[in-house]
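With our numbering as the guide, the letters of the sequence shown map in order to residues 107 to 640. Here the structure is laid out as structure tokens; the discussion comes afterwards.
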Amino acid sequence: MSLRRREFLELAAASAALSMVGFNSARAQSASDVIRIGIAASGPRTSDPNQTTQGGDNWATEQMYEQLVRPDDGTFATTPDQYIPTLATEWATSTDAKTWTFKLRQGVQFHKGYGEMTSDDVVFSFKRAIKDGTNTTILANIADVVAKGPYEVDIQLKTPDVNLLGTSIFCNNTSIVSKKAFDKIGAEKFATDAVGTGPYELTRFDNQWGVGMKRHEGYWDPKNKAKIASVECVYIADTTARTLALLSGDVDMIEAVRAPGWVDSMLQRDSTLKFDMTAPGSFNTLHVNLNRKPFDNLKVRQAIMYAVDRHAVADALKPMGGFMAGLQPDFFPAGFKTQDLPPELQYNYDPDKAKALLAEAGFPNGFDFDSNCSQREDYSSIMLIVQEQLRAVGMRMNLHIGDHTAYHADNHMDKNTLALHSASYPPIPTQLYFQQLSTKSEVKADGSGGINYSHYGVAMPGIDGLLDKALQSTDFKTYVDYCKQIELQVLRDLPLIGMSTLSFTVARNARVNLGYEVKSGYARWRFHRATKTA
């Protein structure tokens, strides 16, 4: 590993930050019985999976808690049959998809001697999530959760949901926690000392340092009992300090910087590093404000599609970037490959066609407009490419780049023209459609609305009818068929453009072997199968 002088000085300056999080030379080479991950945040907020609002906290909750079902490690389940029995051994749904019955695994032990998990804990966990959790909207369709004896639970829905396993079961908020522990220690203490069933249990919660865990010796699955004795999630907000911690061996892995060139830069510093990446990661979508002229003109929106080389956008973000022909990756339900779309909806890069469409729309010389962008690397990288490509065909975007938090606040008050949005979604297409395209999610000038920044469905007819039909479907195939119709309708109307996906990435010391390949999933994964060489 070699460092240029500037890089050395940057890393040396970060050593003071590392000393503040408790590293020293005696621990510089992380022992083989502990895995340490550097989290890109200043400190943990909670260890309660029902209360997490900071993505970094989910690395710890992923080790300590479990749900009734899960996909295989390192993957998203793209169809209901890909979920694996976890705290439930089997499940069935009624013909109307409104009642789901789960049979629970017997003998599952909670951490810290809190006894066996039963239906009381499952009912408690779900009802607490529905009432007091941080994701109550996703769970709003649950009418009731009813115990049918100690090892069986019914989940009753208001409307059908063929994707319940993905929308509400494999969900951080509905991780199963101990009712007995909550009742004993109270809500305030439970926030930093919650009790689950996962392969690791909490030993330390320090809002200045991080979260420590040890192997759960009473774990219900002997074949998947944690191989490494302990895990530490160490919070290091400073990017340079986090990088130094990995390069020096103070931590075994770190959350990556999702910016062009970052992976190559890290490999120049240490060519042995490994990079784990989820696909798709986050979805980068561009909202076209239909209330701003001339973007109410379909020909102008079509010109944008032909002017922007979306393959080039994805390539600029490689190896983290990925191409989207529509709003879903092609391996997700309702996703399309370009060649499978009707020719008129493929929108292959063609700046000459973009210029012709602008002329037909009444803008032979193009036009000027203002738009806002976040200074965060993933946002600004994409929008600067878009700016240059639009300028080449005559759409001159005056791009105002500013604070990330202020950018989102302005978007929520309908102050943008072309608004880039980044969000992570599971293989449940209707979640994106509801949040970014439905009339119920239309942005409001007073900030009270949602993230449908285009005003689609209000400024022009939208996809609400198709969305309702998809959500009312009682079988998965019908659901996917309606979602594909939505994809095609959006490609015809162009209120929202899929710009690229961007993988969640972790840089990892080669001495750590996760025990599986990270292919897709949320921005967190489990370490119970990991091994580590000295």
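Ideal Cβ placement from N, Cα and C applies to all residues, glycine included.
Worksheet entry | Straight-line gap, Trp206 to Arg398 (C-alpha atoms, nearest Å) | Translated into the one-based positions of the sequence shown, residue 206 becomes position 100. Translated into the one-based positions of the sequence shown, residue 398 becomes position 292. One C-alpha to the other measures close to 45 Å.
Item to complete: Just tell me which of Val549, Lys237, Arg234, Ile282 has its CA closest to the CA of Tyr220.
Response: In the sequence shown, the residue the question calls residue 220 occupies position 114. Answer by Cα proximity: Ile282.
Discussion item. Do Val140 and Ser336 have their beta-carbon atoms positioned less than 8 Å apart in this structure?
Written reply: For the purposes of this step, residue 336 is taken as the residue at position 230 of the sequence shown. For the purposes of this step, residue 140 is taken as the residue at position 34 of the sequence shown. Yes.
Discussion item. What would DSSP say about Ile557, mapped onto helix, strand or coil?
Written reply: Residue mapping note: residue 557 aligns to position 451 of the sequence shown, counting from 1. Coil, per DSSP.
Fill in: Euclidean distance between Cα positions of Arg635 and Pro328
Mapped onto the sequence shown, residue 635 falls at position 529. Mapped onto the sequence shown, residue 328 falls at position 222. Arg635 and Pro328: Cα-Cα distance of roughly 12 Å.
Worksheet entry | Contact under 8 Å by Cβ, Ala235 with Thr280 | By one-based count along the sequence shown, residue 235 stands at place 129. By one-based count along the sequence shown, residue 280 stands at place 174. Between Ala235 and Thr280, the gap from beta carbon to beta carbon is short of 8 Å.
Worksheet item: In angstroms, rounded to a whole number, what distance separates the CA positions of Ala640 and Tyr341?
Response: For the purposes of this step, residue 640 is taken as the residue at position 534 of the sequence shown. For the purposes of this step, residue 341 is taken as the residue at position 235 of the sequence shown. Taking the straight line from one Cα to the other gives about 24 Å.
Practice prompt. Jot down the residue ranges of each uninterrupted beta strand (DSSP E) in the segment 581–631, minimum 3 residues, whole runs only, in chain order.
Written response: Scanning the segment 581–631 for uninterrupted beta strand (DSSP E) segments of 3 residues or longer gives 602–608, 611–614, listed from N- to C-terminal end.
Discussion item. Whole angstroms are fine: how far does the CA of Val357 sit from the CA of Gln135?
Written reply: Your numbering for residue 135 matches position 29 in the sequence shown. Your numbering for residue 357 matches position 251 in the sequence shown. Low local confidence applies: a pLDDT of 49 at Gln135 is under 50, so the model's placement there is unreliable, and no value is given.
Worksheet entry | Three-way DSSP call (helix, strand, coil) for Gln262 in this model | The sequence position of residue 262 within the sequence shown is 156, counting from 1. Strand at Gln262.
Worksheet entry | Residue span of the alpha helix (DSSP H) that contains Asp476, given as start and end | What you label residue 476 is simply residue 370 of the sequence shown in a count that begins at 1. From DSSP, Asp476 is part of no alpha helix (DSSP H) but of the beta strand (DSSP E) over 473–480.
Fill in: Distance between Gly367 and Asn504 (C-alpha atoms, nearest Å)
For the purposes of this step, residue 504 is taken as the residue at position 398 of the sequence shown. For the purposes of this step, residue 367 is taken as the residue at position 261 of the sequence shown. About 26 Å.
Discussion item. Suppose contacts are defined by Cβ-Cβ distances below 8 Å. Is Met223 in contact with Val229 by that definition?
Written reply: On the sequence shown, position 117 is the one that residue 223 refers to. On the sequence shown, position 123 is the one that residue 229 refers to. Here Met223 is not near Val229, since their CB atoms are 8 Å or more apart.
Discussion item. Rounded to whole angstroms, what is the Cα-Cα separation between Glu623 and Lys380?
Written reply: Position 517 of the sequence shown holds residue 623. Position 274 of the sequence shown holds residue 380. Straight-line Cα distance between these residues: approximately 11 Å.
Discussion item. Using the three-state DSSP reduction, which class does Gly272 fall into: helix, strand or coil?
Written reply: Translated into the one-based positions of the sequence shown, residue 272 becomes position 166. Three-state result, Gly272: helix.
Worksheet item: Any idea if Glu323 is buried or exposed, counting beta-carbon neighbours within 10 angstroms, 16 or more meaning buried?
Response: In the sequence shown, residue 323 corresponds to position 217, counting from 1. Exposed.
Worksheet entry | Nearest candidate by alpha-carbon position, reference Ala249, set Ser579, Asp238, Gly553, Gln262 | As a position in the sequence shown, residue 249 is number 143, starting the count at 1. The candidate whose alpha carbon is nearest that of Ala249 is Gln262.
Worksheet item: Straight-line CA distance for Gln452 to Asn517?
Response: Stepping through the sequence shown from its first residue, residue 452 is reached at position 346. Stepping through the sequence shown from its first residue, residue 517 is reached at position 411. Going from the Cα of Gln452 to the Cα of Asn517 covers about 29 Å.
Worksheet item: With burial defined as no fewer than 16 other Cβ atoms inside 10 Å of the residue's Cβ, what is the status of Met566: buried or exposed?
Response: In the sequence shown, the residue the question calls residue 566 occupies position 460. It counts as exposed.
Worksheet item: Looking at the structure shown, is Tyr513 part of a helix, part of a strand, or coil, going by DSSP?
Response: Mapped onto the sequence shown, residue 513 falls at position 407. DSSP places Tyr513 in helix when its eight states are reduced to three.
Discussion item. Going by beta-carbon coordinates alone, are Lys461 and Val499 separated by less than 8 Å?
Written reply: Reading the sequence shown from its first residue, position 355 is the one you call residue 461. Reading the sequence shown from its first residue, position 393 is the one you call residue 499. In contact: Lys461 and Val499 (Cβ atoms closer than 8 Å).
Worksheet item: Which class does Ser486 belong to by DSSP, given the choice of helix, strand or coil?
Response: The residue labelled residue 486 in the question sits at position 380 within the sequence shown. Of the three classes helix, strand and coil, the one that applies to Ser486 here is helix, per DSSP.
Fill in: Glu494 - DSSP class collapsed to helix/strand/coil
Here residue 494 refers to the residue found at position 388 of the sequence shown. Here Glu494 sits in helix by DSSP.
Worksheet item: Taking the alpha helix (DSSP H) that Ala422 falls in, what are its first and last residues?
Response: On the sequence shown, residue 422 is found 316 positions in, with the first residue counted as 1. Its alpha helix (DSSP H) spans residues 416–422.
Worksheet item: Along the chain, where does the beta strand (DSSP E) that runs through Thr337 open and close?
Response: Numbered from its first residue, the sequence shown carries residue 337 at position 231. Sequence inspection shows Val at residue 337; the Thr mentioned does not correspond to that position. Counting along the chain, the beta strand (DSSP E) containing Val337 begins and ends at 336–341.
Fill in: Lys638 - DSSP class collapsed to helix/strand/coil
Numbered from its first residue, the sequence shown carries residue 638 at position 532. The answer is strand: DSSP assigns Lys638 an E or B state.
Fill in: Leu505, enclosing beta strand (DSSP E) - first and last residue
Position 399 of the sequence shown holds residue 505. Looking at the DSSP string, the run of the beta strand (DSSP E) that includes Leu505 is 501–508.
Practice prompt. Could you check the C-alpha separation between Val414 and Ala365 for me, to the nearest Å?
Written response: As a working note, residue 414 is residue 308 in the sequence shown. As a working note, residue 365 is residue 259 in the sequence shown. So the two alpha carbons sit approximately 20 Å from each other.
Worksheet item: Cα-Cα, which of Met501, Ile334, Asp458 is closest to Arg632?
Response: Taking the first residue of the sequence shown as 1, we reach residue 632 at position 526. The shortest Cα separation from Arg632 among Met501, Ile334, Asp458 belongs to Ile334.
Worksheet item: Counting Cβ pairs closer than 8 Å, one from the segment 470–482 and one from the segment 519–539, do we hit at least three?
Response: Yes, since at least three Cβ pairs between the segment 470–482 and the segment 519–539 fall closer than 8 Å, the two stretches touch.
Discussion item. Checking 8 Å against the spacing of the C-beta atoms, do Ser547 and Asn395 come in under that value?
Written reply: Locating residue 547 in the sequence shown gives position 441, counting from the first residue. Locating residue 395 in the sequence shown gives position 289, counting from the first residue. Not in contact: Ser547 and Asn395 (Cβ atoms no closer than 8 Å).
Worksheet item: If you draw a straight line from the alpha carbon of Leu614 to that of Asp299, how long is it in whole angstroms?
Response: Residue numbering aside, residue 614 sits at position 508 when the sequence shown is read from its first letter. Residue numbering aside, residue 299 sits at position 193 when the sequence shown is read from its first letter. Just to set this straight, residue 614 is Arg in the shown sequence, not Leu. Taking the straight line from one Cα to the other gives about 28 Å.
Worksheet item: What span of residues does the beta strand (DSSP E) with Ser530 cover, start to end?
Response: Stepping through the sequence shown from its first residue, residue 530 is reached at position 424. 524–530 is the span of the beta strand (DSSP E), which, as asked, contains Ser530.
Discussion item. Quick check on DSSP: helix, strand or coil for Gln578?
Written reply: Within the sequence shown, the letter at position 472 stands for residue 578. In this structure, Gln578 counts as coil in the three-state DSSP scheme.
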